[in-house]
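Student: Under this note's numbering, residues -12 to 311 are what the sequence shown spells out, in order.
The structure under discussion is supplied below as structure tokens; questions concerning it will follow.
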Amino acid sequence: MTIRAVVRGVGHYLPARVVENAEFEASLDTSDEWIRTRSGIERRHFAAEGETTSQMAIHAATAALADAAMTADQIDAIVVATSTPDFTFPSVATMVQAGIGCTRGFAYDVQAVCAGFVFAMANANAMILSGQANRVLVIGAETFSRIMDWSDRSTCVLFGDGAGALILEGQTGHGDTSDRGILSSDLNSDGRFREILYVDGGVSSTGGAGLLRMQGNQVFRHAVEKLNDTAHAALNKAGLTSADVDWIVPHQANLRIIAATAQRMQVPMERVVVTVQDHGNTSAASIPLALSIGKARGQIKQGDLLVTEAIGGGLTWGSVVLRW
């Protein structure tokens, strides 16, 4: 008997405020064409004043529970991937636990920046396989608009806010690649590259949240190489190849990175779920957002083989192969 962590439900939430590229033209030396050409981004959502990461995560969790036809008391664990928590502590996950009315199990946060949701899914999968939990609510939620340097046109136009959620449940499989659920994962990090993508503040350094700093050219180079490598590593672990993939669901950072990675994997863009044009880079929220929207569009269907892959500050990067 093989236990697999199978997707039971998915949901997402986006703040009401939509910010088109043209809004930045009044305060920055930029244009809609400049932003679209370099990133593929057309618009993004920003959280309202007073709207927090935990609130967005609760909305996404509620949507995922509804999609799964489950109640909060059926959840054994909650894992939230975020780099922009409401507070230093408590965790966003415990606030979600209270917000959805879950009074059992346990909850904690994972911080791996844009790769956070992949790391959180791998965590959830391990807990399910070990028997620590049977149903895990996995969430990616971010308010990156709170850590932007609004004078830096190379970064502030790229990011947005939002949340996505996925419910994984342990189910019995055959032990082969036809099983639904997570088939493999691949996680990596290399702290030597901290300087190319980081936030210049924190509790023990400056006492403040800080602002995002990025060397875009360096991030692009590492992203294309490492995303291709991790996707192939995860596929190899599962005994699969790129030819078996129905959908790549990538971290939605930059359309050029997404296209270059798909090309290296020899997967046509018609088999890539792309949402970056409407949301910008929502960091740990981008993959669950894309999964939820891909399902809602009718792209992702039960039985489809998916590869999710992401890279973030640290550097951290990884991928998960799952059958929907």
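Glycine is no exception: its CB is placed at the ideal position from the N, C-alpha and C atoms.
Model, not experiment: these values are computed from the prediction.
Spell out the partners DSSP gives proline 237 in its beta bridges.
Tutor: Answer by DSSP bridge pairing, in chain order: Glu296.
Student: Curious, which full-length alpha helix (DSSP H) runs of at least 4 residues does the region 90 to 162 contain?
Tutor: Listed in chain order, the complete alpha helix (DSSP H) runs (minimum 4 residues) inside the region 90 to 162 are 103 to 117.
Student: Look up aspartate 177 in the DSSP assignment and say whether it is helix, strand or coil.
Tutor: Aspartate 177 falls in the coil class under three-state DSSP.
Student: As an exercise, report each continuous alpha helix (DSSP H) stretch of at least 4 residues that is fully enclosed by the region -5 to 81, in chain order.
Tutor: Runs of the alpha helix (DSSP H) inside the region -5 to 81: 19 to 26, 40 to 55.
Student: Output yes or no for whether 7 Å exceeds the beta carbon distance between serine 229 and glutamine 253.
Tutor: Closer than 7 Å, so yes.
Student: Threonine 40 to alanine 9, Cα distance in whole Å?
Tutor: Cα to Cα, threonine 40 sits roughly 26 Å from alanine 9.
Student: Whose C-alpha, out of Val261, Ser306, Phe11, is nearest the C-alpha of serine 138?
Tutor: Checked all of Val261, Ser306, Phe11; the closest Cα to serine 138 is Phe11.
Student: Just to confirm my understanding: we take isoleucine 2, look at its own chain, exclude 5 residues before and 5 after, and list those with CB closer than 8 Å. What are they?
Tutor: According to the sequence provided, residue 2 is proline. The question's isoleucine does not apply to it. Counting only Cβ-Cβ distances below 8 Å, and skipping sequence neighbours, we find His32, Phe33, Ala34, Ala35, Glu38, Met43, Asp148, Gly149.
Student: Would you check if there are 3 or more beta carbon pairs closer than 8 Å linking the region 65 to 74 to the region 12 to 19?
Tutor: Touching, no.
Student: Can you tell me whether histidine 161 is buried or exposed, with buried defined as 16 or more other CB within 10 angstroms of its CB?
Tutor: Exposed, because fewer than 16 other Cβ atoms sit within 10 Å of the Cβ of histidine 161.
Student: Using alpha carbons as the reference points, say which of Arg(-5), Arg181, Ser141 lies closest to methionine 57.
Tutor: Ranking the options by Cα distance to methionine 57, first place goes to Arg(-5).
Student: Which first and last residues belong to the alpha helix (DSSP H) in which glycine 331 is found?
Tutor: Nothing can be reported for residue 331, as the shown portion of the chain is limited to -12 through 311.
Student: Determine, using beta carbons only, whether valine 206 and tryptophan 234 come nearer to each other than 7 Å.
Tutor: Cβ distance not < 7 Å, so valine 206 and tryptophan 234 don't count as in contact.
Student: Across which residues does DSSP place valine 186 in a beta bridge pair?
Tutor: Leu199.
Student: Kindly give me the distance between the Cβ atoms of valine 308 and alanine 225, rounded to whole angstroms, as I take these residues to be in contact under 8 Å.
Tutor: Correct: roughly 5 Å between the Cβ atoms.
Student: Hey, quick one: how far does the beta strand (DSSP E) through glycine 305 stretch, first residue to last?
Tutor: Per DSSP, glycine 305 belongs to the beta strand (DSSP E) from 303 to 310.
Student: For asparagine 112 and leucine 52, I'd like the C-alpha separation in whole angstroms.
Tutor: Using only the alpha carbons, I get a separation of about 18 Å.
Student: Between which two residues does the alpha helix (DSSP H) containing glutamine 250 stretch?
Tutor: First-last of the alpha helix (DSSP H) with glutamine 250: 242 to 251.
Student: Could you tell me the boundaries of the alpha helix (DSSP H) in which arginine 284 lies?
Tutor: 273 to 284 is the extent of the alpha helix (DSSP H) around arginine 284.
Student: Is the CB-CB distance between serine 306 and alanine 218 below 7 Å?
Tutor: Yes; because the gap between Cβ atoms is below 7 Å, this pair is in contact.
Student: I need the DSSP call for glycine 168, collapsed to helix, strand or coil.
Tutor: In this structure, glycine 168 counts as strand in the three-state DSSP scheme.
Student: Using only CA atoms, which one of Asp163, Gly267, Ala220 lies nearest to threonine 295?
Tutor: Nearest option by C-alpha distance: Ala220.
Student: Just the C-alpha distance for phenylalanine 106 and valine 97, rounded to the nearest angstrom, thanks.
Tutor: Phenylalanine 106 and valine 97: Cα-Cα distance of roughly 7 Å.
Student: Should asparagine 367 be labelled buried (16 or more other beta-carbon atoms within 10 Å of its own) or exposed?
Tutor: Given a span of -12 to 311 for the chain in the structure shown, any question on residue 367 remains unanswerable.
Student: Whose CA, out of Glu20, Val66, Ile28, Gly86, lies closest to the CA of threonine 49?
Tutor: The option with the nearest alpha carbon to threonine 49 is Gly86.
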